[in-house]
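*Asks:* Below is one structure. I have some questions about it.
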Amino acid sequence: MTGKNETAMPPPARPGRRVRAIGWFGLVLVFGVVLAVAATGTRPAATDAERVDAVAKTLRCPTCQGESVAVSEALISQEIRADIRRRLTAGESPDQIRAYYVSTYGEGILLTPSATGTGAAVWVLPVVVAVLCLAGLVVAFRRWRTRGALRATPADRALVEQALRADRPTDAEEVR
Amino acid sequence: MDAVLVDSDPAAEPIGRPRARLAPWIAAMVAVVLVAFIVVLATRKPASERAVSSQLIGKRVPAFTGTTLTGETYDIDARRGKFVVVNFFATWCVPCRLEHPELVKFSERHKQIGDAEVVSLAFDDSPDNIRTFFAEAGGDWPVIADGTGSTILDFGVSGVPESYVVAPNGQVIAKFLGVTDAALEGLLQRYDTPSAAETGAG
Amino acid sequence: MNIALGVTGVFLGLLGAVSGALVLLTGLMRRDRSVLRLSRSFAFLILGGGLLAAIAMEVALLTDDFTVKFVYDNSATTTPLLFKVATMWAALEGSIILWVLVLAGYTALVATKFRRRLTDPLVGWAMFTLFVVCAFFFLLLAVWANPFQAVSPPPGYDGPGPNPLLQNHPLMAFHPPMLYLGYVGFTVPFAFAIAALVTGRLGEGWLLETRRWTLFAWGFLTVGIILGAWWSYEVLGWGGYWAWDPVENASFLPWLTGTAYLHSVMVQERRGMLRVWNLSLLCATFALTILGTFLTRSGVLDSVHAFTESGIGPVLLTFFALVVLVTVALIGWRGDRLRAPGRIDSPVSREGAFLANNVLFAVFAFVVLLGTVFPLVVEAVNQSRLSVGVPYFNRMSTPIGLTILFLMAVAPVLPWRKASGELLSQRLFWPAWVGVGAAAGAVVLGARGAVPVLAFALAGFAAGSAGRQLVLATRRQGWRGLVGRANGGMIVHLGVVVIAVAFAASQAYVRQSEFPMEVGQRVTFAGHEFEFVGVEQVEEANRTVVRALVRIDGAGPYAPALNRFRFGSQTIGTPSVRMTPTEDVMLTLRALPESPESPVQLRVIVQPLIVWLWIGGGLMAAGTVLAAFPGRRRDPLSPVSAPVPAMSGEAPPVAAGRSPELVH
Numbered sequence: 001m002t003g004k005n006e007t008a009m010p011p012p013a014r015p016g017r018r019v020r021a022i023g024w025f026g027l028v029l030v031f032g033v034v035l036a037v038a039a040t041g042t043r044p045a046a047t048d049a050e051r052v053d054a055v056a057k058t059l060r061c062p063t064c065q066g067e068s069v070a071v072s073e074a075l076i077s078q079e080i081r082a083d084i085r086r087r088l089t090a091g092e093s094p095d096q097i098r099a100y101y102v103s104t105y106g107e108g109i110l111l112t113p114s115a116t117g118t119g120a121a122v123w124v125l126p127v128v129v130a131v132l133c134l135a136g137l138v139v140a141f142r143r144w145r146t147r148g149a150l151r152a153t154p155a156d157r158a159l160v161e162q163a164l165r166a167d168r169p170t171d172a173e174e175v176r
Numbered sequence: 001m002d003a004v005l006v007d008s009d010p011a012a013e014p015i016g017r018p019r020a021r022l023a024p025w026i027a028a029m030v031a032v033v034l035v036a037f038i039v040v041l042a043t044r045k046p047a048s049e050r051a052v053s054s055q056l057i058g059k060r061v062p063a064f065t066g067t068t069l070t071g072e073t074y075d076i077d078a079r080r081g082k083f084v085v086v087n088f089f090a091t092w093c094v095p096c097r098l099e100h101p102e103l104v105k106f107s108e109r110h111k112q113i114g115d116a117e118v119v120s121l122a123f124d125d126s127p128d129n130i131r132t133f134f135a136e137a138g139g140d141w142p143v144i145a146d147g148t149g150s151t152i153l154d155f156g157v158s159g160v161p162e163s164y165v166v167a168p169n170g171q172v173i174a175k176f177l178g179v180t181d182a183a184l185e186g187l188l189q190r191y192d193t194p195s196a197a198e199t200g201a202g
Numbered sequence: 001m002n003i004a005l006g007v008t009g010v011f012l013g014l015l016g017a018v019s020g021a022l023v024l025l026t027g028l029m030r031r032d033r034s035v036l037r038l039s040r041s042f043a044f045l046i047l048g049g050g051l052l053a054a055i056a057m058e059v060a061l062l063t064d065d066f067t068v069k070f071v072y073d074n075s076a077t078t079t080p081l082l083f084k085v086a087t088m089w090a091a092l093e094g095s096i097i098l099w100v101l102v103l104a105g106y107t108a109l110v111a112t113k114f115r116r117r118l119t120d121p122l123v124g125w126a127m128f129t130l131f132v133v134c135a136f137f138f139l140l141l142a143v144w145a146n147p148f149q150a151v152s153p154p155p156g157y158d159g160p161g162p163n164p165l166l167q168n169h170p171l172m173a174f175h176p177p178m179l180y181l182g183y184v185g186f187t188v189p190f191a192f193a194i195a196a197l198v199t200g201r202l203g204e205g206w207l208l209e210t211r212r213w214t215l216f217a218w219g220f221l222t223v224g225i226i227l228g229a230w231w232s233y234e235v236l237g238w239g240g241y242w243a244w245d246p247v248e249n250a251s252f253l254p255w256l257t258g259t260a261y262l263h264s265v266m267v268q269e270r271r272g273m274l275r276v277w278n279l280s281l282l283c284a285t286f287a288l289t290i291l292g293t294f295l296t297r298s299g300v301l302d303s304v305h306a307f308t309e310s311g312i313g314p315v316l317l318t319f320f321a322l323v324v325l326v327t328v329a330l331i332g333w334r335g336d337r338l339r340a341p342g343r344i345d346s347p348v349s350r351e352g353a354f355l356a357n358n359v360l361f362a363v364f365a366f367v368v369l370l371g372t373v374f375p376l377v378v379e380a381v382n383q384s385r386l387s388v389g390v391p392y393f394n395r396m397s398t399p400i401g402l403t404i405l406f407l408m409a410v411a412p413v414l415p416w417r418k419a420s421g422e423l424l425s426q427r428l429f430w431p432a433w434v435g436v437g438a439a440a441g442a443v444v445l446g447a448r449g450a451v452p453v454l455a456f457a458l459a460g461f462a463a464g465s466a467g468r469q470l471v472l473a474t475r476r477q478g479w480r481g482l483v484g485r486a487n488g489g490m491i492v493h494l495g496v497v498v499i500a501v502a503f504a505a506s507q508a509y510v511r512q513s514e515f516p517m518e519v520g521q522r523v524t525f526a527g528h529e530f531e532f533v534g535v536e537q538v539e540e541a542n543r544t545v546v547r548a549l550v551r552i553d554g555a556g557p558y559a560p561a562l563n564r565f566r567f568g569s570q571t572i573g574t575p576s577v578r579m580t581p582t583e584d585v586m587l588t589l590r591a592l593p594e595s596p597e598s599p600v601q602l603r604v605i606v607q608p609l610i611v612w613l614w615i616g617g618g619l620m621a622a623g624t625v626l627a628a629f630p631g632r633r634r635d636p637l638s639p640v641s642a643p644v645p646a647m648s649g650e651a652p653p654v655a656a657g658r659s660p661e662l663v664h
């Protein structure tokens, strides 16, 4: 898609503009209603298997290689799944169950590092990197806006010519 | 037409405006981070060789009771005053079969002294298999075959075999994957000469 | 015999690569054009070596030649034919043969494609880089991962066969070759990036030359990843297709940086900017493929798919270190010279969107890399053990994924340079309504939850935007409106949208349950009725299969099975899936029934829209192929696509983006 072709479109007339503004307003309205319905609606009650699975997914199978308890077929995982089921039926909350497993298997059994201590870095670092990237972009755009256009010197021109000459393939077919 | 190497060209000198020498600095920073990363990778042991650790070391042994194969009731909390080797095993597991003679040796010697004993908890195994196995391979310590699931999780067992050594005061002092008589003996001796609890590896 | 053949092949390849690199280096130093021309012969020598090694291995596998260590360890006479062929890449050493074969193939292709420009230092340095990489992998085969070791098997010996999980589904025969074609393919653009850095050749010439190579590598990698997901879905039986396992992440990382590159390279072609960044992305992509190879083959990380650990870890790490240090040093040395003087006028423009895309993909790649290696880093810092798994990756990738969808909706309609609010309002109007319509439709159909519905809305928005572009293009150009980079790219976008919808729906609305079932019993779950008919047992050459026959809504019977292979005590499940366009019903047999009459434990997983994951993958592949065909604007010297104003008098639109003074 080239911008060139699209800028060739005629600029929209005034009345169309007002209609479109109303259209956008309606869009926001409809979307708000849709999201509200989506957020408040209830989902079907979870089956036992699903409640067990939800907890098991957050625990690492202690003996296997990087699988969660929910996925692994190792005996210990089967044991843990049965235990989770027992504990859920006994009324324990998922967090209580996880706390129990941390107390016997250590922090390493959680597939989601806690937000305190060393584990916090895994949550914080991506945010830091994202913010740094955005800040970098903001700075770059600032500088681009204030610096204005560059003045080319004859040396520049020579360089461009030369680069063009160098990069022009001897045989157009080969560039395809 | 031949390409011209730009770096041999005086025209390639800074053009128009003074260029900040940014790239070397950024590259240096990236290099430092990457070198640190490579060092971390290079010093890691393979996942399969990571040291045996346990949350239990230094803590009180988790309480458990059970019925042994001979029909008696076993209660770990009633065994204070002796070293207890809590051994998790299964007859279908080859390393368990390999370590069994070591446990037999240890158990025979300390039965006479009376300062240490072994208790085995089966992991997904049938009483009949275990009886046959003990009849063949020796050993006459209490074995609990049924209802060991929650104890296994209380101890934080990952797989079999695993053995935990409980001191006379009820504190877990070591965890072994595969256990040997000599390792157990060494541990007991070190424990008698006062020193902190430690992690065993086997 | 096979051993002799294979070893000959490996050493032929090694010889070709090492001598080729040395000869080429002298040629480049002395600028001797006749020497540079020789690189083609060396490339074919390497290809010959790779072919010989691969053929020797396949022959050994197919003829059950157990005197070859690799066959002895990994094959069995009873392995079905297809899996015998695939056994080559089912274990470490053989997988390196496939790697060198693909690499040698690419090297020979480059030498052929650029046969008339072999004397150009740029191509010369690229060939040199390719030879060095070839030399490394052949050396790996020759010394640390030699599959052609001799053993003398006892009479009547039969091997254990490949890992049961790997001989359970035909996709295993296709997923690794695709993945390798992608992985290894990134070596070509990397080689040209290194060549550009070494020669200091300004301009976008090398880019045009490698763009399509990158595109193909990326397309193969995409297909490889999708096939891998399909394989795990069909084989592992827990209803999932993506587990953020280190090995999966290792393939996803270069895909992310490759995707970032394919977008930002357009800024360079159009505006001559972001050169250093693009070079860095290419180098990072290649380095990540090596890092991924290290992570999956050294055993430092826990992973289901990891190869058994071996001694090649340190070697691969050394090579990774070498690649990283050389490229970083080259970029540090050349970076300032290559930096472009241009500027981007407005964040709300095509190039601004590409920048945002790059930030997103870079952050995404960082998150995936961090999550993958974090346990190692923590362990190195304070000896404690932590795990990072699915919940972490899902939570982090959700906002990133949603933002990418939003960008996919907005970016295609943005013009270069600058966009007005008026323009956006006009062009985005209908796509936005498509998005809202999609969300409303989903809610009417019963979808609940803010995040999935938001995902559907953004997906609809992005699809509307891509569709708008395609409609405009086809209206203008007919069928050619589907061809070319921009149009093919929009089809790829549609594929991504389809996958995003399927992903969101299957993650959010999965239902599962487990039932103990007696013969003849019926249960109802998630709107389906399941009837357990009975059990059947089949003895096959390499395994015993126990199947539970289950009717779903009266249709079937479907037969989830458990396999016990002749070697290995573990039983491996084969789930049975009823696939429909709206939802998949997956049945898994949980444990072997004790007798044919005793009840079985059946797991039922119902997931909507799964099949669209694979369809979306196909769409992405098709889009990639269309994007690789020359579009309307293909002449690199035509004013519109030439990066810098040509000598012609008229000012092309590109020139407007650069400083006006530059235009003569």
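Residue numbers (my numbering), protein chains in the order written: chain A, 1 to 176; chain B, 1 to 202; chain C, 1 to 664. The beta carbon of each residue, even a glycine, is placed where N, CA and C say it ideally should be.
Nearest-angstrom Cα distance between Glu161(A) and Gly200(C)?
*Replies:* Looking at the two C-alpha atoms, the distance is approximately 16 angstroms.
*Asks:* Note down, in chain order, all residues in the stretch 387-419 of chain C with a beta-carbon under 7 angstroms from any beta-carbon belonging to chain A.
*Replies:* The residues in question are Ser387, Val388, Gly389, Val390, Pro391, Tyr392, Met396, Pro412, Pro415, Trp416.
*Asks:* Taking the continuous alpha helix (DSSP H) assigned at Ile194(C), which residues delimit it?
*Replies:* It spans 187-199 - the alpha helix (DSSP H) in which Ile194(C) sits, taken as one unbroken run.
*Asks:* Would you mind giving the Cβ-Cβ distance between Arg448(C) and Arg43(A), rounded to the nearest angstrom? I have them listed as a contact below 8 angstroms.
*Replies:* Confirmed, about 5 angstroms.
*Asks:* Val518(C) by DSSP, collapsed to three states: which one?
*Replies:* The sequence shown places Glu at residue 518(C), rather than the Val named in the question. Coil at Glu518(C), not helix or strand.
*Asks:* Please classify Thr118(A): does DSSP put it in a helix, a strand, or coil?
*Replies:* Three-state result, Thr118(A): helix.
*Asks:* Would a check of beta-carbon distances place Arg43(A) closer than 8 angstroms to chain C?
*Replies:* Chain C contact via Cβ: present.
*Asks:* In this structure, how does DSSP classify His169(C) when only helix, strand and coil are distinguished?
*Replies:* Here His169(C) sits in coil by DSSP.
*Asks:* List the endpoints of the continuous alpha helix (DSSP H) containing Ile400(C).
*Replies:* Start and end: 390-410.
*Asks:* Can you give the Cα-Cα distance for Pro581(C) and Val443(C), rounded to whole angstroms?
*Replies:* C-alpha separation (whole angstroms): 19 angstroms.
*Asks:* Quick one: residues in its chain with C-beta nearer than 7 angstroms to the C-beta of Gly589(C), no 5 flanking neighbours on either side, listed in chain order?
*Replies:* Going by the sequence as given, residue 589(C) is Leu instead of Gly. Hits under 7 angstroms: Ala548, Pro560, Ala561, Leu562, Gly573, Val600, Leu602.
*Asks:* Indicate whether Val30(B) and Val328(C) have their beta-carbon atoms separated by less than 8 angstroms.
*Replies:* In this structure, Val328(C) lies closer than 8 angstroms to Val30(B) by Cβ.
*Asks:* Using the beta-carbon count (16 or more within 10 Å), is Gln469(C) buried or exposed?
*Replies:* Label assigned to Gln469(C): buried.
*Asks:* List the whole-angstrom C-beta distance separating Val143(B) from Thr73(B), where the pair is believed to meet the contact cut-off of C-beta under 8 angstroms.
*Replies:* Actually they are not in contact, since the Cβ atoms of Val143(B) and Thr73(B) sit about 13 angstroms apart, beyond 8 angstroms.
*Asks:* Closer than 7 angstroms, Cβ to Cβ, to anything on chain C: give me those residues from the stretch 49-65 of chain A, in chain order.
*Replies:* From the stretch 49-65 of chain A, only Ala49, Glu50, Asp53, Lys57, Thr58, Arg60, Gln65 have a Cβ closer than 7 angstroms to chain C.
*Asks:* Would you identify the three-state DSSP class for Met586(C), choosing helix, strand or coil?
*Replies:* The answer is strand: DSSP assigns Met586(C) an E or B state.
*Asks:* Does the CB of Ile38(B) have a neighbour CB from chain C at under 8 angstroms?
*Replies:* Judged by the 8 angstroms Cβ criterion, Ile38(B) is in contact with chain C.
*Asks:* Tell me which same chain residues have a C-beta within less than 6 angstroms of the C-beta of Leu637(C), skipping the five on either side of it?
*Replies:* At Leu637(C), the pLDDT of 46 sits below 50, so the modelled position is not reliable and the matter cannot be decided from this model.
*Asks:* Assign Val538(C) to one of three DSSP states: helix, strand, or coil.
*Replies:* If DSSP states are grouped into helix, strand and coil, Val538(C) belongs with the strands.
*Asks:* Quick one: is Ser41(C) buried, meaning 16 or more other Cβ sit within 10 Å of its Cβ, or exposed?
*Replies:* That one is exposed.
*Asks:* Going by beta-carbon coordinates alone, are Leu130(C) and Val102(C) separated by less than 8 angstroms?
*Replies:* No, Cβ-Cβ distance for Leu130(C) and Val102(C) is not below 8 angstroms.
*Asks:* At which residue ranges does the stretch 71-117 of chain B contain complete beta strand (DSSP E) runs of 3 or more residues, listed in the order of the chain?
*Replies:* Listed in chain order, they are 73-75, 83-89.
*Asks:* Using Cβ-Cβ distances below 8 angstroms, what residues of the stretch 497-517 of chain C are close to chain A?
*Replies:* Those residues of the stretch 497-517 of chain C that come within reach of chain A (Cβ to Cβ, closer than 8 angstroms) are Arg511, Gln512, Ser513, Glu514.
*Asks:* Kindly list the residues whose CB is nearer than 6 angstroms to the CB of Ala63(B), restricted to its own chain and excluding five residues on each side of it in sequence; keep chain order.
*Replies:* Asp77.
*Asks:* For a cutoff of 8 angstroms on Cβ pairs, would you count Ser68(A) as touching chain C?
*Replies:* Judged by the 8 angstroms Cβ criterion, Ser68(A) is in contact with chain C.
*Asks:* For chain B, check one thing: does any of its Cβ atoms lie closer than 8 angstroms to the Cβ of Leu132(A)?
*Replies:* No, no contact with chain B.
*Asks:* What are the boundary residues of the beta strand (DSSP E) that includes Ile173(B)?
*Replies:* It spans 172-176 - the beta strand (DSSP E) in which Ile173(B) sits, taken as one unbroken run.
*Asks:* At a CB-CB cut-off below 7 angstroms, which residues of chain B make contact with Ala321(C)?
*Replies:* Per Cβ cutoff of 7 angstroms: Ile38.
*Asks:* Short of 6 angstroms in beta carbon distance, which residues of its chain neighbour Gly617(C), apart from the five on each side in sequence? Order them along the chain.
*Replies:* Contacts found: Ile226.
*Asks:* Can you give the Cα-Cα distance for Val39(B) and Phe319(C), rounded to whole angstroms?
*Replies:* Straight-line Cα distance between these residues: approximately 13 angstroms.
*Asks:* Can you tell which of Val373(C), Arg395(C), Pro399(C), Ile400(C) has its C-alpha closest to the C-alpha of Ser387(C)?
*Replies:* That would be Val373(C), whose Cα lies nearest to the Cα of Ser387(C).
*Asks:* Does the distance from the CB of Asn168(C) to the CB of Val235(C) come in under 8 angstroms?
*Replies:* In contact: Asn168(C) and Val235(C) (Cβ atoms closer than 8 angstroms).
*Asks:* Can you tell me whether Ile144(B) is helix, strand or coil according to DSSP?
*Replies:* Three-state DSSP puts Ile144(B) in a strand.
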